Amino acid sequence: MKYISLATDIPGPKSLQLATRRRAAVPRGVPQLTPIFVNRASGATITDVDGNAFLDFCGGIGCMNVGHTQPAVVDAVRTQAEAFLHTCFMVAPYEVYVALAEQMNRLTPGDCEKRTFFVNSGAEAVENGIKIARSYTGRPAVLCFDDAYHGRTYMAMSVTAKEKPYKYGFGPFSQDVYRVPFANPYRCANAAETSLEAIEDTFRHRIAADQVAAILFEPIQGEGGFIVPPVEFVVGLRSICDKYGIVLIADEVQTGFGRTGRMFACEHFNVAPDILLSAKSIAAGLPLAACTGRAEIMDQPGPGALGGTFGGNPVSCAAALATLSLFADETLLARSERIGQIFRERAKQWQRYFPCIGDVRGMGGMQAIELVLDPKDKQPAPELAKQLTQHALERGLLLATAGTYSNVIRLLVPLVATDEQMNEGLEALEAAFQAVQCEVA
Ligand SMILES: Cc1ncc(COP(=O)(O)O)c(C=O)c1O
């Protein structure tokens, strides 16, 4: 059976009409990665308004780990929506919020007593993680990394590295933010050592360690290009934080909920952060984010200091509880590993005959291909990435790029994708590589 089925040119006439309306109604600053408009989605497929069926390797940028319209989640949403939609947890609380906080405290790395509260987006989780770390330590500064992405609110932009398009023209940004190189083994021979030394050097020359509230990091950088740091780097961050009394904040917004083959990516490094931020796939497509951390840190801000009108909306919490129950056995985590393996094997073969593939990397179902002009000098090839996603789209495969130079093709396919779906999607990607290669030659 084939999952991709294209009935019109892409975009089809109905998508084109909607694009015209969109241009007139929505500011151009809101990106549109593909020109299609969606009618339905299920599992790892999306059908557009023109009746074209696509395989979805983007998963709503990492939100759909358990698949589109996952039946258990849809049932939970329906049941909760019929009971009540919103009371505001701060006014009239409800059990699903507390039950979800209990689950998050249990599932996140670290055996200590924990607390969790909920907000609406990854960026808002980042804001709160930093607020809490500052409140707990009484220190102002935050250390973050090159190539990091943490969102679009002001503090989140301040700790995000990439200038264009995320920060350009939006300054001034928050003070007391210090950025050091992330440990990128593809582009630096002694990546962990170099990056850890840069932190110590920052403490010597730019900001005293006893003024630093938090080190904020992504265990695997997402928008930065799926950069997997060496284990020693993450272990080293933990040691530095322990040494100087700094709060270690792991941003697992993109890496969480099985994406890397473990529930949370920190598990690969055997490191427990003090605060773990999650969002995206937590509620299978509904807006929700969590801030989970050691009880004594999370309880530092006083009554009334944390919250928000919609934070922990009951429908989102019900969706999240249903999502977590799908991870109760290890099937989805095993699927994540299997999907990663299928992708890697194929991509490693391609690397032999497509010289533009500089690197194939990732963990579990979080995999990527970095495109370069020449594998020796590793100069980024963003134009190739653009052409490749366009050719893939024309063949019915939705793909997203990443990377500071937008030269990385990333895999965020729903973890419910079957082997058949993976192989069909990879056929389309291989055909896209061939088409790009022909254009270059
Ligand atoms: C690692 C990371 N942190 C934070 C964010 C921001 O999340 P949101 O878009 O929900 O605000 C993202 C979004 O891509 C992310 O990948």
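In this note's numbering, the protein residues as written are 187 to 627. Backbone N, C-alpha and C define an ideal beta-carbon position, used for all residues, glycine too. This one's a predicted model, so the numbers in the text were calculated from it and none came from an experiment.
### Query
How would you call Gln535, buried or exposed, if buried means at least 16 neighbouring beta carbons within 10 angstroms?
Residue mapping note: residue 535 aligns to position 349 of the sequence shown, counting from 1. Result: exposed.
### Message
Is it buried or exposed, Lys300, if we count other Cβ atoms within 10 angstroms and call 16 or more buried?
### Response
Here the question's residue 300 lines up with position 114 in the sequence shown. Counting Cβ neighbours within 10 Å, Lys300 comes out buried, since at least 16 surround it.
### Closer than 7 Å: Ala465 CB and nearest ligand 1 heavy atom
Within the sequence shown, residue 465 is the residue found at index 279, counting from 1. Checking the Cβ of Ala465 against ligand 1 gives yes.
### Message
Using 8 Å for Cβ pairs, my map puts Ala378 next to Phe419. What's the rounded Cβ distance?
### Response
On the sequence shown, residue 378 is found 192 positions in, with the first residue counted as 1. On the sequence shown, residue 419 is found 233 positions in, with the first residue counted as 1. Right, the Cβ-Cβ distance comes to about 4 Å (below 8 Å), so this counts as a contact.
### Query
How many Å lie between Ala520 and Ala269 at the Cα?
Indexing the sequence shown from 1 puts residue 520 at position 334. Indexing the sequence shown from 1 puts residue 269 at position 83. Rounded to the nearest angstrom, the two C-alpha atoms are 35 Å apart.
### Message
Suppose the cutoff is 7 Å on Cβ atoms and the five residues either side in sequence are ignored; what does the same chain contact list for Tyr352 look like?
### Response
Locating residue 352 in the sequence shown gives position 166, where the first residue counts as 1. Within the same chain, Tyr352 has close Cβ partners Arg338, Met343 and Thr346.
### Task
Can you check DSSP and say which residues form a bridge with Glu556?
Counted from its first residue, the sequence shown places residue 556 at position 370. In the DSSP output, where bridge partners are listed per residue, Glu556 has Asp545 and Val594.
### Asn593 versus Leu474, Asp605 and Val558, residue with shortest Cα-Cα distance
For the purposes of this step, residue 593 is taken as the residue at position 407 of the sequence shown. Of the listed residues, the one whose Cα sits closest to Asn593 is Val558.
### Query
What does a CB cutoff of less than 6 Å around Val252 pick up in its chain, not counting 5 residues either side in sequence?
Here residue 252 refers to the residue found at position 66 when the sequence shown is read from its first residue. Excluding sequence neighbours, Val252 sits near Ala470, Thr509 and Leu512.
### Task
Quick one: grab the DSSP three-state call for Ser191.
Numbered from 1 along the sequence shown, position 5 holds the residue referred to as residue 191. Three-state DSSP puts Ser191 in a strand.
### Task
Note down the Cα distance separating Met484 from Thr302, rounded to an integer number of angstroms.
On the sequence shown, position 298 is the one that residue 484 refers to. On the sequence shown, position 116 is the one that residue 302 refers to. Rounded to the nearest angstrom, the two C-alpha atoms are 8 Å apart.
### Same chain, Cβ closer than 7 Å to Ala505, five either side skipped, listed in chain order
Taking the first residue of the sequence shown as position 1, residue 505 is located at position 319. Correct list, in chain order: Val259, Ala262, Val263, Ala469, Ala470 and Leu472.
### Check: Ile247 C-beta below 7 Å from any heavy atom of ligand 1
Locating residue 247 in the sequence shown gives position 61, counting from the first residue. Flag set: Cβ of Ile247 near ligand 1.
### Per-residue DSSP class, three states only, for Asn238
Numbered from its first residue, the sequence shown carries residue 238 at position 52. Asn238: coil per DSSP, three-state reduction.
### Query
Since Phe368 contacts Gln407 with CB under 8 Å, what's their CB separation in whole angstroms?
If you number the sequence shown from 1, residue 368 lands on position 182. If you number the sequence shown from 1, residue 407 lands on position 221. Their Cβ separation, rounded to whole angstroms, is 6 Å, which keeps Phe368 and Gln407 in contact under 8 Å.
### Task
Report the three-state DSSP secondary structure of Thr206 (helix, strand or coil).
For the purposes of this step, residue 206 is taken as residue 20 along the sequence shown, with counting starting at 1. DSSP places Thr206 in helix when its eight states are reduced to three.
### Message
In this structure, how does DSSP classify Ile385 when only helix, strand and coil are distinguished?
### Response
Mapped onto the sequence shown, residue 385 falls at position 199. Helix.
### Query
Taking the Cβ atom as the reference point for each residue, do Leu241 and Gln607 lie within a distance shorter than 8 Å?
Within the sequence shown, residue 241 is the residue found at index 55, counting from 1. Within the sequence shown, residue 607 is the residue found at index 421, counting from 1. Contact flag set, yes.
### Message
Pull the bridge partners of Ala227 from the DSSP assignment, please.
### Response
In the sequence shown, residue 227 corresponds to position 41, counting from 1. BP columns for Ala227 point to Ile232.
### Query
Opposite Leu462 in the DSSP bridges: which residues?
Within the sequence shown, the letter at position 276 stands for residue 462. Per DSSP, Ala436 and Thr478.
### Task
Go through its chain and collect everything with a Cβ distance to Phe540's Cβ below 7 Å, but skip five positions before and after it.
The count along the sequence shown starts at 1 and reaches residue 540 at position 354. Result list for Phe540: Phe619 and Gln623, in chain order.
### Query
Going along the chain, which residues of its own chain have a beta-carbon closer than 6 Å to the beta-carbon of Phe275, five neighbours each way excluded?
Locating residue 275 in the sequence shown gives position 89, counting from the first residue. Contacts found: Tyr283 and Gly498.
### Query
So, do the stretch 558-572 and the stretch 215-227 have three or more beta carbon pairs nearer to each other than 8 Å?
no
### Message
Just to confirm my understanding: we take Pro415, look at its own chain, exclude 5 residues before and 5 after, and list those with CB closer than 6 Å. What are they?
### Response
Reading the sequence shown from its first residue, position 229 is the one you call residue 415. Closer than 6 Å at the Cβ level, and outside the excluded window around Pro415, lie Ala369.
### Query
DSSP three-state call for Val599: helix, strand or coil?
Start at 1 with the first residue of the sequence shown, and residue 599 comes out as number 413. Coil.
#### Entry: Start-to-end residues for the alpha helix (DSSP H) that takes in Ala342
Start at 1 with the first residue of the sequence shown, and residue 342 comes out as number 156. Taken as a continuous stretch (DSSP letters only), the alpha helix (DSSP H) holding Ala342 covers Tyr340 to Val345.
### Message
Need the endpoints of the beta strand (DSSP E) that Val363 sits in, please.
### Response
Position 177 of the sequence shown, counted from the first residue, corresponds to residue 363. Val363 to Val366 is the extent of the beta strand (DSSP E) around Val363.
### Task
Give the secondary structure of Ala588 by DSSP, where H, G and I count as helix, E and B as strand, and everything else as coil.
To locate residue 588, count along the sequence shown from 1; it is residue 402. The answer is strand: DSSP assigns Ala588 an E or B state.
### Task
Reducing DSSP to helix, strand and coil, say where Arg373 ends up.
In the sequence shown, counting from the first residue as 1, residue 373 sits at position 187. The answer is coil: DSSP assigns Arg373 none of H, G, I, E or B.
#### Entry: CB of Ala395 within 8 Å of CB of Tyr430, strictly
Numbered from its first residue, the sequence shown carries residue 395 at position 209. Numbered from its first residue, the sequence shown carries residue 430 at position 244. Yes; because the gap between Cβ atoms is below 8 Å, this pair is in contact.
### Message
Please report the distance separating the alpha-carbon of Cys249 from that of Glu482.
### Response
Translated into the one-based positions of the sequence shown, residue 249 becomes position 63. Translated into the one-based positions of the sequence shown, residue 482 becomes position 296. So the two alpha carbons sit approximately 30 Å from each other.
### Query
Based on Cα-Cα distance, which residue from Thr323, Gly246, Glu610 and Asp515 lies nearest to Ile525?
By 1-based counting over the sequence shown, the position of residue 525 is 339. Ranking the options by Cα distance to Ile525, first place goes to Glu610.
### Message
Considering Cα atoms alone, identify which of Ala578, Ala311 and Gln553 is closest to Arg596.
### Response
The count along the sequence shown starts at 1 and reaches residue 596 at position 410. If we check each option's Cα against that of Arg596, Gln553 comes out closest.
### Task
Sort Ala239, Thr220, Ala436 and Ile196 by Cα distance to Tyr189 and report the nearest one.
Counting from one through the sequence shown, the residue named residue 189 turns up at place 3. Considering only alpha carbons, the answer is Ala239.
### Query
Touching or not, the stretch 421-436 and the stretch 196-215, by the rule of three or more beta carbon pairs under 8 Å?
no
### Query
Using DSSP with H/G/I as helix, E/B as strand and the rest coil, what is Pro566?
Within the sequence shown, the letter at position 380 stands for residue 566. Three-state result, Pro566: strand.
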